[in-house]
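Working notes for the structure below.
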Amino acid sequence: MSLLSAQTSKSQDIGTDSVGELKVSLIFGTDGDADQAGKDLKQPSEIQLAALKKLKTIRFAHYRLLGEDQQPILRSYENWANPMKNSKEILLSFQPRGKPIDDHLKMDLEFWQSHKKIMKSGPTLKKGKPLFIQGPAWRGGKIIIAVELMSLVEEKSAKVDKN
Amino acid sequence: MNKPDEKTLSSWLEGKLEGEELRKVDTWAETHAGELDEEFKCEIGWCALNDELMASLPDSEEPPYPEFFNSKIQQAISEDSQSEVVSEPSSTPLWQKIRLMIAPAAFAALVAFYAGTQMQNEKPADIPEVASEQSSVYVPNSGIVAAVSESNDATEIILRGLTPISDELDIAAGDTSPGHSPMMANTPDEINPDIFF
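The listed protein sequences derive, respectively, from chains A and B. If you use the numbering used here, the first sequence corresponds to residues 4 to 166, in order. If you use the numbering used here, the second sequence corresponds to residues 26 to 222, in order.
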């Protein structure tokens, strides 16, 4: 009976529903030798490079992709992105701060470095408008965290929910 | 003569009175000017000068810009220079003396007004524009500063004062500083609820 109750409770937890997907990329930016980050590293995608070149304050001559992680955004739970699968030196935790409005989603976003919380922010993310965070220095360049809202799940209408 | 009404005094201060009317007000002012209280002096002075200033301002709600402000100063200097040439110091009419007394106050008020508009409107060039939605950046560690910049294409946050990652640490190969990871499990079976909506 208790097992049934637990299962029913679990099935009703809409907090675990995904409201969208978030991609977090770790990029190395430098005006010097990009190979200092690693010789086998690739450049960021064409879309990311185009976005990086449009930035006003974060500007580097060369970029390398250190890693990326795409995670579902759970409706009411804290989520973690670990762009470098093996290293946990740079982490990002995120959590929706409410329902998506149109194509926007307000988030609580935390940036962690070396197991310490460095920054907490409340950006409103929009598909096609990434957030770039210039983080710590490393090997003659800077670590850049790119946060992109990849998709938002459309809310079911109230009429559908009632049925 | 009884005390002239405000309109007559304003015209007198502006030097618009002539003939008998001017003589009457001059006579009254010579004998009664010392009796006027400060409030009344300010009142008649401001009334006259305020009208003049307002008339010289553009008919929009825009505040006076530096060009306008500077041109008014140049105009005042030019007018003063001309009046010094054509007028004799001993025969300066009383209305001009009072105007000269009030002029510094009016000038100070104009400067204060101008400064106020500049304080409201001016944005230092080196401070990036911060959108209100994105400005809520909290940096718990002292010595770290966050600068936020927003455009139509992206939002940028630059963190300064961070401890550099050691060059010896090959994060691309999976290295991590010693310590406990704060990352919580994020599978639905293990996650911890925090907020609901």
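We put the beta carbon where it would ideally sit given N, CA and C, even for glycine. Only a predicted model underlies this, so the values are computations on that prediction, with no experimental measurement involved.
Might you give, ordered along the chain, the residues of its own chain that have their beta carbon closer than 7 Å to the beta carbon of residue i, omitting 5 neighbours on each side?
i	result
residue 17(A)	78
residue 75(A)	21 and 24
residue 42(B)	36 and 50
residue 200(B)	194
residue 91(A)	85
residue 33(B)	50
residue 81(A)	96 and 98
For residue i, collect the residues of the same chain with a Cβ closer than 6 Å to its Cβ; drop the 5 residues on either side in sequence, then sort them by chain order.
i	result
residue 176(A)	There is no way to answer for residue 176(A), as the model of chain A reaches only from 4 to 166.
residue 101(A)	109
residue 167(A)	Absent from the model: residue 167(A). The displayed extent of chain A is 4 to 166, so no value can be given.
residue 151(A)	26 and 133
residue 185(B)	170
residue 32(A)	63, 66, 144, 145 and 147
Do residue j and residue i come within 8 Å of each other at the CB atom, strictly closer than that value?
i	j	result
residue 93(A)	residue 116(A)	yes
residue 162(B)	residue 122(A)	yes
residue 36(A)	residue 125(A)	no
residue 47(A)	residue 30(A)	yes
residue 113(A)	residue 95(A)	yes
residue 40(A)	residue 69(A)	yes
residue 139(A)	residue 190(B)	yes
residue 51(A)	residue 149(A)	yes
residue 34(A)	residue 54(A)	no
residue 165(B)	residue 120(A)	yes
residue 141(A)	residue 192(B)	yes
According to DSSP, which residues form a beta bridge with residue i?
i	result
residue 134(A)	150(A) and 180(B)
residue 73(A)	26(A)
residue 109(A)	127(A)
residue 45(A)	68(A)
residue 33(A)	65(A) and 144(A)
residue 35(B)	DSSP lists no partner for residue 35(B).
residue 185(B)	170(B)
residue 84(A)	95(A)
residue 175(B)	180(B)
residue 104(A)	107(A)
residue 53(B)	Paired residue(s): none; residue 53(B) is not in a bridge.
residue 21(A)	77(A)
Mind checking if residue i is an interface residue toward chain C, Cβ cutoff 8 Å exclusive?
i	result
residue 199(B)	Considering every chain present, this structure includes no chain C. Its protein chains are A and B.
Starting from residue i, find everything on chain B with Cβ-Cβ shorter than 8 Å and list it in chain order.
i	result
residue 87(A)	196, 197 and 199
residue 69(A)	196 and 197
residue 54(A)	178 and 179
DSSP state of residue i, grouped into three classes?
i	result
residue 164(B)	coil
residue 142(A)	coil
residue 58(A)	coil
residue 3(A)	Look at the range of chain A in this structure, 4 to 166, and you will see that residue 3(A) is not part of it.
residue 98(A)	strand
residue 157(B)	Residue placement at residue 157(B) cannot be trusted, given a pLDDT of 40 that sits under 50; what the coordinates show is reported in the next sentence. Of the three classes helix, strand and coil, the one that applies to residue 157(B) here is coil, per DSSP.
residue 157(A)	coil
residue 13(B)	Chain B is shown only over 26 to 222; residue 13(B) falls outside these bounds and no answer can be derived.
Give the residues of chain A in contact with residue i, contact being defined as C-beta atoms less than 7 Å apart.
i	result
residue 162(B)	122 and 124
residue 204(B)	117 and 118
residue 38(B)	Those within 7 Å of residue 38(B) in chain A number zero; the least Cβ separation is about 54 Å.
residue 34(B)	Per Cβ cutoff of 7 Å: no residues; residue 34(B) is ~58 Å from chain A at best.
Mind pulling the chain A residues with CB within less than 8 Å of residue i?
i	result
residue 174(B)	59 and 60
residue 187(B)	116, 121, 138, 139 and 140
I want to check one thing, is the minimum distance from the CB of residue i to the heavy atoms of the ligand ATP below 7 Å?
i	result
residue 169(B)	Among the ligands in the structure shown, none appear at all, so the ligand ATP cannot be discussed.
Excluding the 5 residues preceding and the 5 following residue i in the sequence, name in chain order all residues of the same chain whose CB lies nearer than 8 Å to its CB.
i	result
residue 114(B)	Annotation note: pLDDT 49 at residue 114(B) (below 50); position unreliable, coordinate value reported separately. Closer than 8 Å at Cβ, skipping near neighbours: no residue.
residue 187(B)	169
residue 155(A)	22, 23, 103, 106, 108 and 130
residue 28(B)	53 and 57
Name the chain A residues whose beta carbon is nearer than 9 Å to that of residue i?
i	result
residue 181(B)	58, 59, 60, 61, 134, 135, 136 and 137
Using a cut-off of 9 Å between C-beta atoms, extract the partners of residue i located in chain B.
i	result
residue 21(A)	What residue 21(A) touches in chain B: nothing, since even the nearest Cβ is about 10 Å away.
residue 49(A)	Near residue 49(A) there are no residues of chain B at all, since even the closest Cβ is about 15 Å away, more than 9 Å.
residue 144(A)	Residues of chain B passing the Cβ test: none, with the nearest at roughly 10 Å.
Starting from the beta carbon of residue i, find every residue of chain B whose beta carbon is closer than 7 Å, and list them in chain order.
i	result
residue 90(A)	196, 199, 200 and 201
residue 44(A)	197
residue 37(A)	None at all; the shortest Cβ gap to chain B is about 12 Å.
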